[in-house]
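Scroll down for the structure; my scribbles are underneath it.
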Amino acid sequence: MSLRLKLLLLGLATLVLPWAGCNYAREMESALRSGEQTSLQAVAQTIAASLQGRTDLLYREAPPTDAPADAPAEPLPAGAEPAVDPAANAAATAASPGTAAVAPQEPPPVATAPAGPYDLRPIALASAPLLDGYSEDWPRDPSAWAYFRKDARHHFGVLSGVSERMLYLLLEVHDEHPLFDAPGNNTLDPATFGDRVWIGFDDPEGQEHQLFLAATGPGAVTARRIDPGEYGQQTAVLEPRVHGAWQPTRDGYRIELRVPLSMLGGRFGVLVDDRDARGAVPVSYGTLRSDDLHTLGRLIVADPALGSYLTQFLQPGLKLAVTTPQRRVLARADALAQSTTLEAGTPLLARLYRRFVDRPGERQLLESDAPIYDRDHAKVIGRLEVTQTADRWIRLRDRALTRMLNFTVSTSLVAVIVMFAFAAWLALRLERLRRASESALTRSGIETRFPETEARDELGDVARGFSTLLSRLNEYTSYLRTLAGKLAHEIRTPLTIVRSSLDNLDAEQVPEAARIYLARARQGSERLNAILLAMGAATRVEEAIGSAERVNFDLVPVLASAIGAYRSAFAPRTFLVELPAGPVMLHGAPDLIVQMLDKLIDNAVDFSPAAGAITVRLLLLPEAAVIEVENPGPPLPPQLAGRLFESLWQSRADGDSRPHFGLGLYIVRLIAEFHGGTAAARNLPDGSGVRVSVRLAREP
Amino acid sequence: MKRLVAIVEDEAAIRDNYAAAFSREGYAVRTYANRAQAMSAFAARLPDLAVIDISLQDEPEGGFELCRQLRALSAELPIIFLTARDSEIDAVSGLRLGADDFLTKDLSLPHLIARVNALFRRVEALRKPAGGAGELIRRGPLTLDAERMQAQWDGKVVLLSLTEFWMVHALARHPGHVRNRQQLMDAANVVLDDNTITSHVKRIRRKFQAVDPDFDAVQTVYGMGYRWVE
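Just so you know, the protein sequences line up as chains A and B, in that order. Read in my numbering, the first sequence has 76 at position 86, and its numbers run on one by one without any break. All you need for my numbering is the position in the second sequence, starting with 1, plus 2.
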């Protein structure tokens, strides 16, 4: 793994910043949320406080002074509740999550309006139902139904609701023999009477009124009031403010009815006259006293003004509802849908970020409620429920989150980029160091200049360490290089002592038996002398090259002459010569060139079989003259590559006792370099031998 | 009367060996270990010949200085330099100190004594009137007097060391014939390596060119050696 990659990964570690940012945003969100909850609670309490004691608004009645005592003589508790739809029930429960217990049975009365069995509690309708006699447009809320039962054959259910200052009623009457009125002009003619329904109510002034509904067929139904005439003659007067529709059902009939709330006071009741034959005595039952049509039950409904009262507190994204203590909704003002949807108009980045922060299934609504007390602050007369969409704090959070994530992500990005750049820079410097260390050992010695030594960091220390090491190595190498020469010089003096002593000994009287030892000692000293000469050779060659004079000369006759000499010196060996026709002018020392050629030929002869022909070739290139010497023989061992021209490299495996220090090719190199050229050796392409080529720079 | 040979050499063993050899040959020998000793003795009496080592104790090139001082005392006194390194010959050549020969210590004692004898012969020959018959070689402008070991070019004396004289002598005796390095070494009674011979030849050319800038009689035959061309 490269340094660059490692540092890049390290840079990725800064991505923990956005992660921490996300976590922080979550925390912030929950803090915001609890703050919002608190303020929502405050809103709820404020509105609730403003409604304290306003039973007139909540229940359209003056604050009661005593509990209503008129319990029915014949209590008809709700007995025939239809099977409760579990899903609907669950939905109803879910709709009011703050409620600890939604009892199917009304709890004991705790508020100013205790429940009576005949009381009618209209629900707040979201929209006005169409008066057509069908129940599809009514909410499917089983708990909102009230049932009245006389016996198994006679019972009905009422669903009541309030919308837009109107009271709506849905009556489901069980009747085995539904019977319409007979068509006729006089609705008061008992002979025409079929099933009829009475409603009775107080007007706002407390005056009781009764209206009856009679239909001669399915469809719209009118309400009429019986008006005692001046002469005791009763007339049925149409009540134009009340509208309704009558439809037969599978086991009876259904009536939809609309009454303006302005007509109604605190009491309201329904009575069903069930006749099995026209004009027969009806079976009357319901919430009116059957003898005088006195209204037994109350109408527990909020003042229409309550809705507009709530509306003044309304803001987009807010829903306000006033409920009874039992959480039956009396009035509501809903602006939840008015809040702008989150997705639209939100920047793409923010939406992306929200994906990382939002936990799935998290609720997006805030709810709060507060009790509404009576005037004495003793009893709870209702509750105020406030619901708010998550909009506002999500928007706040989104803004903060977006900013923070933008900041942290760009910080991470910058950190990664900076780290990558730094790594690249480091890698570059390391690469420079590596290259310098690889090329430090040049052919001409040790390059002690090193890059990065000026740097003040650890890499600089390394570079300086290298530099110091190299200069020490250089000193050591030059010491080694001159060691042979110095050693030769130092040994020469004692050797001279030995040899001059031997010379003197020759002149003395030495027993004949000792002469042989004398001869051996002389042999040894001669060999020692030859070794010394060889050891000093490199130094002498370098000195000679250093002091050589350069002249302009033609290389061709020099080579021709030298090869002529080799032909006689190495006879009968064959020399093949390829020389250019024209002169090849060089600026240099011809003596040295010949000395170099001597070494090349020596080498070629040593490494080739006796019959092998040696080829000497002079190639003319635009900028250089190349002397090539080819000899058949074993190829160069690969480990020798590049070291062949080094000083003191010895690879001659023969029994030659002559001291040999492999100086030949080293001298070749020195002379080639003196002429601004290079020397190289490589195997012939067919592997049959070796070619040494020496480039010599030509005069421009 | 015995000829007096002075040996200035700081290595006692070598000094004594040389002294023994010269004594055996019938020379009177005085030995000195350093320049101060030698100079004070020379001031009192000049030797007939001086063999001087170049490096003397704490003076790496004390021999050169001694040679200069000695030459100031006498122009004719033969002086032989002995060096440990043959590369020093080049250094000496630039100094033109007037030494008659430069020898490396590899030289065997018999060779050394042969050279000393030759130098004494030359000294004697120079003292006699010139014109010894049969000993002269004339090659164009060159005249070699083997007796006096003296070379002349166009009648002008070219001051050659003993080694150089014998090399020129070997070349000029058979003009046109190539003399390889070994032959030159044999003629000069020295053991030298190729580069040293090359530098000897260069020095010979330079000395002749000092007299005649157009001198071109010593020719290099690459790969073989040198020859004298007329």
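Here a beta-carbon is modelled for each residue, glycine too, at the ideal position from N, C-alpha and C.
| query | result |
| --- | --- |
| Figure out for me which residue from B:A45, B:V53, B:V203 has the closest Cα to the Cα of I81 (chain B). | B:V53 |
| Within 10 Å of its beta-carbon, does D142 (chain B) have 16 or more other beta-carbons around it, so buried, or fewer, so exposed? | The sequence shown places Gly at residue 142 (chain B), not Asp. When all chains shown are included, G142 (chain B) counts as exposed. |
| Write down every uninterrupted run of the alpha helix (DSSP H) in the stretch 337 to 407 of chain A whose length is 4 residues or greater and which is fully enclosed by it, in chain order. | 338 to 347 |
| Could you check the C-alpha separation between I115 (chain B) and R482 (chain A) for me, to the nearest Å? | 20 Å |
| Closer than 8 Å, CB to CB, is N593 (chain A) near chain B or not? | no |
| Would K107 (chain B) pass as an interface residue toward chain A - the criterion being a Cβ-Cβ separation below 8 Å? | yes |
| State yes or no: is the C-beta of E442 (chain A) within less than 8 Å of the C-beta of A453 (chain A)? | yes |
| Who does F83 (chain B) pair with in a DSSP beta bridge? | B:I54, B:F104 |
| Using only the alpha-carbon positions, how far apart do G151 (chain A) and A15 (chain A) sit? | 45 Å |
| Pairs of beta-carbons, one from the stretch 220 to 236 of chain A and one from the stretch 268 to 284 of chain A, closer than 8 Å: are there three or more? | no |
| Can you confirm whether G514 (chain A), when its beta carbon is compared against all beta carbons of chain B, has any partner nearer than 8 Å? | no |
| For chain B, check one thing: does any of its Cβ atoms lie closer than 8 Å to the Cβ of P570 (chain A)? | no |
| From what residue to what residue does the beta strand (DSSP E) around A323 (chain A) run? | 319 to 324 |
| Would you tell me roughly how many angstroms separate the C-alpha atoms of K589 (chain A) and T145 (chain B), rounded to the nearest one? | 38 Å |
| Who are the near neighbours of G147 (chain A) in its chain, counting only those whose CB is closer than 6 Å to its CB and skipping five residues on each side? | W135, Y137, E162 |
| Specify the secondary structure class of D60 (chain B) as computed by DSSP and reduced to three states. | coil |
| Kindly list, in the order they appear in chain B, the residues whose Cβ is closer than 9 Å to that of D544 (chain A). | In chain order: nothing, as chain B lies at least about 11 Å away. |
| Alpha carbon to alpha carbon, what distance is there between I487 (chain A) and V514 (chain A)? | As written in the sequence, residue 514 (chain A) is Gly, which differs from the Val given in the question. The straight-line gap from Cα to Cα measures roughly 14 Å. |
| How is the alpha helix (DSSP H) around S20 (chain A) delimited, first residue to last? | 6 to 40 |
| Roughly how many angstroms separate the alpha carbons of E618 (chain A) and L610 (chain A), rounded to a whole number? | 11 Å |
| Can you pull the chain B residues whose beta carbon is under 8 Å from the beta carbon of P580 (chain A), in chain order? | T222, Y224 |
| In chain A, which residues lie less than 8 Å from E13 (chain B) when you measure between Cβ atoms? | T483, T486, I487 |
| Report the option in A:E444, A:L420, A:S457, A:R422 whose CA atom is closest to the CA atom of E437 (chain A). | A:S457 |
| Going by other Cβ atoms of all chains shown within 10 Å of its Cβ, with 16 needed for buried, is V408 (chain A) buried or exposed? | exposed |
| At the level of alpha carbons, what is the spacing between P107 (chain A) and H233 (chain A)? | 26 Å |
| Can you confirm whether the stretch 510 to 529 of chain A touches the stretch 549 to 563 of chain A when touching is taken to mean that 3 or more C-beta pairs between the two stretches lie within less than 8 Å? | no |
| Return the chain-ordered ranges of every beta strand (DSSP E) run that is complete within the stretch 594 to 619 of chain A and spans a minimum of 3 residues. | 604 to 610 |
| Which of the three DSSP states is assigned to H2 (chain B) in this structure? | With chain B running from 3 to 232 in the structure shown, residue 2 (chain B) is simply not present. |
| Any beta-carbon of chain A closer than 8 Å to the one on S25 (chain B)? | no |
| E502 (chain A): buried (16+ other C-beta within 10 angstroms of its C-beta) or exposed? | exposed |
| For H577 (chain A), name the three-state secondary structure that DSSP assigns. | strand |
| If you follow the beta strand (DSSP E) that P238 (chain A) is in, where does it begin and where does it stop? | 224 to 239 |
| Grab the span of the beta strand (DSSP E) containing T198 (chain B) for me, first residue to last. | No beta strand (DSSP E) holds T198 (chain B); the alpha helix (DSSP H) holding it covers 196 to 213. |
| I need the DSSP call for S551 (chain A), collapsed to helix, strand or coil. | helix |
| With a Cβ-Cβ cutoff of 8 Å, do D109 (chain A) and R288 (chain A) count as a contact? | yes |
| Can you check whether the C-beta of H479 (chain A) is within less than 8 Å of a C-beta belonging to chain B? | yes |
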